[in-house]
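In the numbering used here, the protein residues as written are 218 to 932.
We put the CB at the ideal spot given by N, CA and C, even for glycine.
Read the structure below first, then the notes.
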């Protein structure tokens with residue numbers, strides 16, 4: 218097989234660097250717009266800030282950083298609220314700024330000044346009544362505790378630049394490689410400079426599997442990955458047991474005495490593997506990099522933080538930590554400036570000693586582990602520096618930006634001989650804000666022009682420069698390798714264990730070449746068969762229901778972004794809602810729950826954030842355990858029953874980003890026993906040939922219903 222046509226490495230990495238810069242610009246512009254032009258109360262309503270906070274405690278966290286616990290200021294706590302934080306969108310891992318709350322009487326200029334002041338940090342834990350923040354940026358040691366004012370505080374979410382820094386670091390490192398001869402054999406294959414070697418399947422024909430329940434396609438994928446010299450793609454459609462397959466692959470690699478670095482784009486994607494690996498092979502020495510507050514509780518014992526406290530080498534580290542905690546506590550007890558300065562000086566000396574001891578302890582723990590697991594950007598941290606791995610496994614690779622995937626490949630050293638990517642390129646790609654952003658147009662043009670000039674200096678051909686300027690971050694490493702080398706480097710997992718056959722059939726026929734099969738255990742299961750009492754009704758015996766709202770009585774509405782100081786488009790996107798369609802959702806949820814289906818077994822998803830807001834207002838109070846989410850946010854999840862609100866219904870027959878088949882693939886493959894689709898077939902079927910075929914499939918195979926306004930009034 219001849220090497221495929223590919224941009225020269227220098228041109229390729231320069232292009233990725235430009236695209237990453239544009240992406241970071243888009244995020245910064247969005248954040249700056251929010252912070253500069255929006256009152257704190259509006260930011261809080263949008264879930265981007267928490268107001269009226271006060272310091273509850275100070276402790277020492279991983280790396281000697283000061284961890285501050287924040288709860289509601291006693292002055293604003295009512296008897297009814299019990300000190301619970303208001304609803305917000307701040308999540309573990311978010312970069313935030315902690316600063317003095319602007320007073321209600323503060324002038325606009327004062328508010329603007331206060332917004333720029335304060336201390337930055339990372340949210341490491343969120344509770345009902347408190348939020349914990351590790352102070353300081355990654356490059357600093359959390360010495361900013363003295364900058365936290367003794368007043369009422371607020372927390373506001375910022376753009377996360379850590380991942381961008383890591384991606385830029387790795388691209389800069391790859392660009393510095395003097396000649397293509399300095400690339401490893403794996404990197405040469407990834408860059409199209411060499412062809413992948415032929416798998417020697419003969420070596421694995423007598424393989425003994427640790428898990429005897431693996432199906433033939435899973436076994437085939439494992440044999441293929443083990444025998445491929447450089448790269449292997451495992452294509453795992455929804456519900457096909459991709460994680461189980463990866464666990465078996467890792468165990469087989471360990472049998473071959475290979476050291477494995479396992480990564481994913483999100484904490485949850487990595488934790489799922491840690492959890493199952495620890496259960497399957499408890500004696501295997503594994504370590505999970507990353508702060509424990511970001512991890513699932515079930516994997517904490519494998520985190521560095523816990524291991525440094527429980528290992529033999531951790532004893533001395535703990536003694537220093539205890540002394541630091543005592544110093545931290547004494548800071549809040551003294552108002553004397555001179556005494557405080559003495560404490561801060563002692564703390565800095567203790568931090569230095571702590572980091573040195575902890576660093577030696579961590580290095581020993583990581584070095585002794587056969588399997589190391591981290592997020593993609595976490596794999597570029599100091600813990601993996603000078604470590605050697607034989608194989609890198611990346612899960613959910615089709616949701617990761619390509620520059621992210623190069624982080625473990627470049628920072629794990631030249632020892633890496635093989636890369637295994639697992640994912641599904643027919644579901645949603647990673648979110649790329651700069652692709653559709655209308656802001657900063659001049660800056661975009663300037664950077665693209667600069668890229669063209671840089672590539673011209675490198676003697677890149679005109680047609681290759683054209684290719685570079687059209688490149689998109691939505692093209693993942695998984696996509697690119699598949700396009701370069703074809704299906705010879707891929708194996709498909711073809712048996713799914715999630716969906717009723719009728720729910721599975723359309724995505725299988727349309728997207729997976731009719732190759733998906735439903736396992737016998739799931740192909741006919743219905744809501745009435747749930748392991749608790751559910752009445753047999755028209756809803757609980759149907760796996761597929763379609764409420765067709767055609768006729769114009771269920772019109773969409775575009776969010777009005779003219780009022781207020783901030784565009785709704787920043788918070789909700791250029792979003793649509795459909796209140797009458799939401800009423801149909803509410804009616805169907807009520808019917809399911811009245812039949813006995815528990816609300817925690819039901820999810821309502823929609824492609825539009827504005828519709829999500831309408832649905833939340835309508836359903837949240839009555840069904841507190843019902844899951845509400847955007848289609849994009851629900852990728853990788855599943856529920857017994859899923860209701861999909863399509864929203865679009867207009868005279869122009871416009872469907873917007875509903876036309877993205879990968880988004881719809883996510884929506885229609887989340888349920889196990891029951892999928893209910895609500896939408897206007899007249900509008901939706903005009904969007905694309907794919908949508909037209911889907912509407913036809915629903916009309917022919919679903920329990921077809923035509924809701925009327927009278928039905929909703931009766932509800």
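Please go through the same chain and pick out, in chain order, the residues whose beta-carbon is closer than 8 Å to the beta-carbon of residue i, but skip the five residues on each side of it.
| i | result |
| --- | --- |
| residue 874 | 824, 880 |
| residue 342 | 309, 348, 349, 510 |
| residue 691 | 646, 647, 649, 652 |
| residue 770 | 797, 925, 926 |
| residue 602 | 628 |
| residue 818 | 747, 856, 857, 858 |
| residue 299 | 346 |
| residue 714 | 456, 457, 458, 736, 738, 739 |
What would DSSP say about residue i, mapped onto helix, strand or coil?
| i | result |
| --- | --- |
| residue 918 | helix |
| residue 911 | helix |
| residue 734 | strand |
| residue 553 | coil |
| residue 933 | A question about residue 933 goes unanswered here, because the residues of the chain that appear run from 218 up to 932. |
| residue 316 | strand |
| residue 273 | strand |
| residue 339 | strand |
| residue 453 | coil |
| residue 481 | strand |
| residue 461 | helix |
| residue 305 | coil |
| residue 609 | strand |
| residue 673 | helix |
| residue 184 | Because residue 184 is not part of the residues shown, which for the chain are 218 to 932, the question remains open. |
| residue 713 | strand |
| residue 576 | helix |
| residue 427 | coil |
Could you name the residues of the same chain whose beta carbon sits closer than 6 Å to that of residue i, not counting the 5 residues immediately before and after it, in chain order?
| i | result |
| --- | --- |
| residue 478 | 589, 606, 609, 625, 629 |
| residue 861 | 822, 884, 894 |
Terminal residues of the continuous alpha helix (DSSP H) containing residue i?
| i | result |
| --- | --- |
| residue 489 | 484-497 |
| residue 635 | Counting along the chain, residue 635 falls outside any alpha helix (DSSP H), though it belongs to the beta strand (DSSP E) covering 635-640. |
| residue 805 | 796-811 |
| residue 948 | Outside the displayed span of the chain (218 to 932) sits residue 948, for which this structure offers no information. |
| residue 623 | 619-628 |
| residue 387 | 379-392 |
| residue 589 | Looking at the DSSP string, residue 589 is not in any alpha helix (DSSP H); the run it does join, the beta strand (DSSP E), is 588-592. |
| residue 724 | 718-728 |
| residue 406 | 402-407 |
| residue 262 | 257-262 |
| residue 901 | 898-901 |
If we count the other Cβ atoms within 10 Å of its Cβ and call it buried at 16 or more, is residue i buried or exposed?
| i | result |
| --- | --- |
| residue 599 | exposed |
| residue 389 | exposed |
| residue 225 | buried |
| residue 923 | exposed |
| residue 482 | buried |
| residue 689 | exposed |
| residue 676 | exposed |
| residue 760 | buried |
| residue 840 | buried |
| residue 293 | exposed |
| residue 175 | Any answer about residue 175 is impossible in this case: the structure gives the chain only from 218 up to 932. |
| residue 496 | exposed |
| residue 738 | exposed |
| residue 640 | buried |
| residue 674 | exposed |
| residue 502 | exposed |
| residue 832 | buried |
| residue 243 | buried |
| residue 693 | buried |
| residue 476 | buried |
| residue 235 | buried |
Along the beta strand (DSSP E) that carries residue i, what are the first and last residues, could you check?
| i | result |
| --- | --- |
| residue 762 | 761-765 |
| residue 299 | Careful: residue 299 lies outside any beta strand (DSSP E) and carries neither H nor E. |
| residue 707 | 707-709 |
| residue 283 | 283-289 |
| residue 700 | First-last for residue 700: 694-702, but that is the alpha helix (DSSP H), not the beta strand (DSSP E). |
| residue 348 | 347-352 |
Tell me which same chain residues have a C-beta within less than 7 Å of the C-beta of residue i, skipping the five on either side of it?
| i | result |
| --- | --- |
| residue 780 | Note that residue 780 scores 38 on pLDDT, short of 50, meaning its location in the model is unreliable and no value can be drawn from it. |
4 or more residues per run - each alpha helix (DSSP H) lying fully within the segment 806-885: 826-836, 878-885
Ranges of the alpha helix (DSSP H) found wholly within the segment 643-669, counting only runs of at least 4: none
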